[in-house]
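Novice: This is the structure, below, for whatever I ask next.
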Amino acid sequence: MKTPQTDWTARSQELAQQLARSALGDRAAFRRVYALSSGHLYAVILRIQRDRDLADDLLQEVYVSAWKAAGSFDAQRAQPLTWLTHIARNKAIDSLRRAQAQPRLESLHGDDDDDDRPDGAERLADDAPGPADLLERASDARQLGHCMEGLSAQQRQSVALAFFDGLSHAEVADQLRQPLGTVKSWVRRALLTLKTCLERSAQRDAGDGAVGI
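In terms of this note's numbering, the sequence shown has 440 at position 106, counting the first letter as 1, and numbering is strictly consecutive.
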(Lines of atoms letter the chains of each structure in order from A and count residues from 1; the text may use other names and numbers.)
(Lines give C-alpha, C1' and ligand atoms only; values in the text may rest on other atoms or scores of the structure.)
Protein backbone atom coordinates (compact mmCIF):
# COMPACT_ATOMS: atom_id res chain seq x y z
CA MET A 1 0.00 0.00 0.00
CA LYS A 2 1.32 3.41 -0.96
CA THR A 3 1.85 5.76 1.99
CA PRO A 4 2.14 9.59 1.97
CA GLN A 5 5.85 9.28 2.73
CA THR A 6 6.44 7.51 -0.58
CA ASP A 7 6.29 10.81 -2.47
CA TRP A 8 8.32 12.77 0.08
CA THR A 9 11.72 14.23 -0.69
CA ALA A 10 14.79 12.58 0.80
CA ARG A 11 15.05 15.40 3.33
CA SER A 12 11.45 14.94 4.47
CA GLN A 13 11.94 11.20 4.88
CA GLU A 14 15.12 11.69 6.88
CA LEU A 15 13.51 14.37 9.05
CA ALA A 16 10.63 12.03 9.85
CA GLN A 17 13.05 9.27 10.82
CA GLN A 18 15.15 11.58 12.97
CA LEU A 19 12.08 13.01 14.70
CA ALA A 20 10.91 9.49 15.52
CA ARG A 21 14.28 8.77 17.10
CA SER A 22 14.20 12.11 18.91
CA ALA A 23 10.89 11.11 20.46
CA LEU A 24 12.78 8.22 22.07
CA GLY A 25 15.32 10.63 23.55
CA ASP A 26 18.01 10.31 20.88
CA ARG A 27 19.89 13.63 21.11
CA ALA A 28 22.14 12.84 18.15
CA ALA A 29 19.04 12.39 16.01
CA PHE A 30 17.68 15.71 17.22
CA ARG A 31 20.92 17.45 16.32
CA ARG A 32 20.38 16.10 12.82
CA VAL A 33 16.83 17.51 12.85
CA TYR A 34 18.34 20.88 13.70
CA ALA A 35 20.92 20.63 10.92
CA LEU A 36 18.27 19.74 8.33
CA SER A 37 15.69 22.37 9.27
CA SER A 38 17.20 25.31 11.19
CA GLY A 39 17.96 27.44 8.12
CA HIS A 40 14.41 27.15 6.84
CA LEU A 41 12.84 27.79 10.25
CA TYR A 42 15.05 30.79 10.92
CA ALA A 43 13.90 32.32 7.61
CA VAL A 44 10.26 31.68 8.60
CA ILE A 45 10.79 33.43 11.94
CA LEU A 46 12.60 36.39 10.36
CA ARG A 47 9.74 37.03 7.94
CA ILE A 48 7.52 37.58 10.98
CA GLN A 49 9.85 38.78 13.74
CA ARG A 50 12.40 41.10 12.12
CA ASP A 51 14.47 41.62 15.27
CA ARG A 52 17.38 39.20 14.74
CA ASP A 53 18.23 38.93 18.44
CA LEU A 54 14.66 37.92 19.21
CA ALA A 55 14.62 35.64 16.18
CA ASP A 56 17.70 33.83 17.50
CA ASP A 57 15.98 33.29 20.85
CA LEU A 58 12.77 32.17 19.17
CA LEU A 59 14.62 29.61 17.07
CA GLN A 60 15.95 28.02 20.25
CA GLU A 61 12.44 28.03 21.74
CA VAL A 62 11.16 26.29 18.62
CA TYR A 63 13.60 23.41 19.07
CA VAL A 64 12.93 23.15 22.79
CA SER A 65 9.23 22.77 21.96
CA ALA A 66 9.98 20.36 19.11
CA TRP A 67 12.13 18.19 21.40
CA LYS A 68 9.36 18.00 23.98
CA ALA A 69 6.64 17.37 21.39
CA ALA A 70 8.55 15.07 19.03
CA GLY A 71 6.40 12.14 20.09
CA SER A 72 3.28 13.93 18.84
CA PHE A 73 4.53 14.23 15.27
CA ASP A 74 2.30 12.15 12.99
CA ALA A 75 3.75 11.42 9.57
CA GLN A 76 0.28 10.44 8.33
CA ARG A 77 -1.01 13.96 8.89
CA ALA A 78 1.82 16.29 7.89
CA GLN A 79 5.32 16.43 6.53
CA PRO A 80 7.96 17.03 9.21
CA LEU A 81 9.05 20.42 7.90
CA THR A 82 5.43 21.56 7.79
CA TRP A 83 5.00 20.44 11.41
CA LEU A 84 8.16 22.28 12.48
CA THR A 85 7.15 25.36 10.49
CA HIS A 86 3.84 25.55 12.37
CA ILE A 87 5.75 25.61 15.66
CA ALA A 88 8.13 28.30 14.38
CA ARG A 89 5.38 30.46 12.96
CA ASN A 90 3.30 30.26 16.14
CA LYS A 91 6.31 31.17 18.28
CA ALA A 92 7.09 34.17 16.10
CA ILE A 93 3.50 35.43 16.01
CA ASP A 94 3.16 34.98 19.78
CA SER A 95 6.25 37.14 20.25
CA LEU A 96 4.62 39.91 18.21
CA ARG A 97 1.36 39.60 20.06
CA ARG A 98 3.21 40.04 23.32
CA ALA A 99 4.62 43.26 21.88
CA GLN A 100 1.18 44.27 20.53
CA ALA A 101 2.44 44.17 16.96
CA GLN A 102 1.24 42.59 13.77
CA PRO A 103 3.08 39.84 11.85
CA ARG A 104 4.94 40.76 8.69
CA LEU A 105 4.28 38.50 5.73
CA GLU A 106 6.82 39.82 3.25
CA SER A 107 9.29 37.41 1.76
CA LEU A 108 13.03 37.84 2.32
CA HIS A 109 14.07 35.44 -0.39
CA GLY A 110 15.87 36.36 -3.59
CA ASP A 111 16.35 34.43 -6.76
CA ASP A 112 17.03 30.93 -5.51
CA ASP A 113 15.65 28.10 -7.58
CA ASP A 114 15.87 25.67 -4.68
CA ASP A 115 14.10 27.96 -2.21
CA ASP A 116 11.62 29.65 -4.44
CA ARG A 117 9.33 31.73 -2.26
CA PRO A 118 7.69 34.81 -3.77
CA ASP A 119 10.24 37.61 -3.75
CA GLY A 120 10.64 41.22 -4.81
CA ALA A 121 11.01 40.25 -8.46
CA GLU A 122 7.45 38.97 -8.45
CA ARG A 123 5.95 42.14 -6.98
CA LEU A 124 4.46 44.79 -9.21
CA ALA A 125 6.98 47.27 -10.55
CA ASP A 126 5.10 50.35 -9.35
CA ASP A 127 5.50 52.07 -5.98
CA ALA A 128 2.16 50.88 -4.65
CA PRO A 129 2.15 48.43 -1.74
CA GLY A 130 2.76 44.87 -2.87
CA PRO A 131 0.33 42.02 -2.19
CA ALA A 132 2.34 40.82 0.81
CA ASP A 133 2.31 44.35 2.27
CA LEU A 134 -1.43 44.55 1.78
CA LEU A 135 -1.85 41.18 3.44
CA GLU A 136 0.15 42.48 6.37
CA ARG A 137 -1.97 45.61 6.63
CA ALA A 138 -5.26 43.73 6.52
CA SER A 139 -5.99 44.10 10.21
CA ASP A 140 -9.60 43.06 9.74
CA ALA A 141 -9.58 39.27 9.50
CA ARG A 142 -13.04 39.34 7.93
CA GLN A 143 -11.78 41.59 5.15
CA LEU A 144 -8.92 39.25 4.37
CA GLY A 145 -11.24 36.27 4.61
CA HIS A 146 -13.63 37.89 2.16
CA CYS A 147 -10.82 38.47 -0.33
CA MET A 148 -9.54 34.91 0.12
CA GLU A 149 -13.00 33.65 -0.84
CA GLY A 150 -12.45 35.13 -4.27
CA LEU A 151 -9.62 32.67 -4.93
CA SER A 152 -9.92 29.16 -6.24
CA ALA A 153 -9.39 26.32 -3.77
CA GLN A 154 -5.94 25.63 -5.26
CA GLN A 155 -4.93 29.29 -5.01
CA ARG A 156 -6.09 29.55 -1.38
CA GLN A 157 -4.16 26.46 -0.41
CA SER A 158 -1.04 27.57 -2.24
CA VAL A 159 -1.03 31.03 -0.67
CA ALA A 160 -1.66 29.60 2.79
CA LEU A 161 1.25 27.20 2.48
CA ALA A 162 3.61 29.77 0.94
CA PHE A 163 2.90 32.76 3.16
CA PHE A 164 1.32 31.48 6.34
CA ASP A 165 3.21 28.22 6.67
CA GLY A 166 6.42 29.60 5.20
CA LEU A 167 6.97 26.93 2.56
CA SER A 168 8.89 27.56 -0.65
CA HIS A 169 7.23 27.16 -4.04
CA ALA A 170 9.07 23.86 -4.46
CA GLU A 171 7.83 22.64 -1.07
CA VAL A 172 4.28 23.74 -1.85
CA ALA A 173 4.47 21.83 -5.13
CA ASP A 174 5.73 18.78 -3.24
CA GLN A 175 2.98 19.12 -0.64
CA LEU A 176 0.22 19.49 -3.22
CA ARG A 177 1.82 17.00 -5.65
CA GLN A 178 1.59 19.50 -8.49
CA PRO A 179 4.16 20.74 -11.04
CA LEU A 180 6.30 23.61 -9.78
CA GLY A 181 5.26 25.86 -12.67
CA THR A 182 1.59 25.31 -11.87
CA VAL A 183 2.07 26.23 -8.23
CA LYS A 184 4.01 29.38 -9.15
CA SER A 185 1.16 30.41 -11.45
CA TRP A 186 -1.44 29.78 -8.73
CA VAL A 187 0.47 31.87 -6.19
CA ARG A 188 1.21 34.72 -8.61
CA ARG A 189 -2.40 35.00 -9.78
CA ALA A 190 -3.71 34.66 -6.23
CA LEU A 191 -1.51 37.51 -5.00
CA LEU A 192 -2.63 39.79 -7.82
CA THR A 193 -6.27 39.00 -7.06
CA LEU A 194 -5.76 39.64 -3.34
CA LYS A 195 -3.91 42.88 -4.09
CA THR A 196 -6.84 44.19 -6.15
CA CYS A 197 -9.41 43.12 -3.57
CA LEU A 198 -7.53 44.58 -0.60
CA GLU A 199 -6.82 47.84 -2.45
CA ARG A 200 -10.53 48.23 -3.13
CA SER A 201 -11.34 47.53 0.50
CA ALA A 202 -8.76 50.09 1.64
CA GLN A 203 -10.22 52.69 -0.76
CA ARG A 204 -13.73 52.03 0.55
CA ASP A 205 -12.50 52.39 4.14
CA ALA A 206 -10.75 55.66 3.26
CA GLY A 207 -13.89 56.94 1.58
CA ASP A 208 -16.04 56.06 4.57
CA GLY A 209 -13.58 57.83 6.84
CA ALA A 210 -13.65 60.95 4.68
CA VAL A 211 -17.45 61.03 4.76
CA GLY A 212 -17.40 60.81 8.53
CA ILE A 213 -15.09 63.84 8.93
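We put the CB at the ideal spot given by N, CA and C, even for glycine.
Predicted model only: the values in this text are computed from it and were never measured.
Hey, would you say Leu392 sits closer than 8 Å to Ser356, going by beta carbons?
Specialist: The residue labelled residue 392 in the question sits at position 58 within the sequence shown. The residue labelled residue 356 in the question sits at position 22 within the sequence shown. Cβ atoms of Leu392 and Ser356: not closer than 8 Å.
Novice: Does the distance from the CB of Ala496 to the CB of His503 come in under 8 Å?
Specialist: Along the sequence shown, read from residue 1 onward, the residue named residue 496 stands at position 162. Along the sequence shown, read from residue 1 onward, the residue named residue 503 stands at position 169. Cβ atoms of Ala496 and His503: closer than 8 Å.
Novice: Using the beta-carbon count (16 or more within 10 Å), is Ala426 buried or exposed?
Specialist: To locate residue 426, count along the sequence shown from 1; it is residue 92. So Ala426 counts as buried.
Novice: Quick one: residues in its chain with C-beta nearer than 8 Å to the C-beta of Leu370, no 5 flanking neighbours on either side, listed in chain order?
Specialist: The count along the sequence shown starts at 1 and reaches residue 370 at position 36. For Leu370, where only same-chain residues beyond five positions count, the Cβ hits under 8 Å are Arg345, Glu348, Leu349, Gln352.
Novice: Between the beta-carbon of Gly484 and the beta-carbon of Thr419, is there less than 8 Å?
Specialist: Here the question's residue 484 lines up with position 150 in the sequence shown. Here the question's residue 419 lines up with position 85 in the sequence shown. Not in contact: Gly484 and Thr419 (Cβ atoms no closer than 8 Å).
Novice: Applying the criterion that 16 or more other CB atoms from any shown protein chain within 10 Å of the CB defines a buried residue, is Pro513 buried or exposed?
Specialist: In the sequence shown, counting from the first residue as 1, residue 513 sits at position 179. It counts as exposed.
Novice: Can you have a look at Val367 and say buried or exposed, based on whether 16 or more other CB atoms are within 10 angstroms of its CB?
Specialist: Working through the sequence shown from its first residue, we reach residue 367 at position 33. The residue is buried, with at least 16 neighbouring Cβ atoms inside 10 Å.
Novice: Would you give the residue range spanned by the alpha helix (DSSP H) that Thr416 belongs to?
Specialist: Position 82 of the sequence shown, counted from the start, is the residue given in the question as residue 416. Segment 414-432, the alpha helix (DSSP H) holding Thr416.
Novice: Work out the CA separation of Arg423 and Ala377 for me, nearest whole Å.
Specialist: Sequence index remark: in the sequence shown, residue 377 carries index 43 (1-based). Sequence index remark: in the sequence shown, residue 423 carries index 89 (1-based). For Ala377 and Arg423, the distance between alpha carbons rounds to 10 Å.
Novice: Taking His480 as the reference, give the member of Asp408, Thr530, Asp508 with the closest Cα.
Specialist: Position 146 of the sequence shown, counted from the first residue, corresponds to residue 480. Comparing Cα positions, the closest option is Thr530.
Novice: Per DSSP, what kind of secondary structure is Asp391 in: helix, strand or coil?
Specialist: Within the sequence shown, residue 391 is the residue found at index 57, counting from 1. Helix.
Novice: Label Ser615 either buried or exposed according to how many other C-beta atoms from any shown protein chain fall within 10 Å of its C-beta, with 16 as the threshold for buried.
Specialist: The first residue shown for the chain is 335 and the last is 547, placing residue 615 beyond what the model contains.
Novice: Could you give the distance in angstroms between the alpha-carbon of Asp385 and the alpha-carbon of Ala487?
Specialist: Residue 385 sits at position 51 when you count from the first residue of the sequence shown. Residue 487 sits at position 153 when you count from the first residue of the sequence shown. The alpha-carbon atoms of Asp385 and Ala487 are separated by roughly 34 Å.
Novice: Mark Lys332 as exposed unless 16 or more other C-beta atoms lie within 10 angstroms of its C-beta, in which case mark it buried.
Specialist: Residue 332 lies beyond the residue range present for the chain, which begins at 335 and ends at 547; the question has no answer from this structure.
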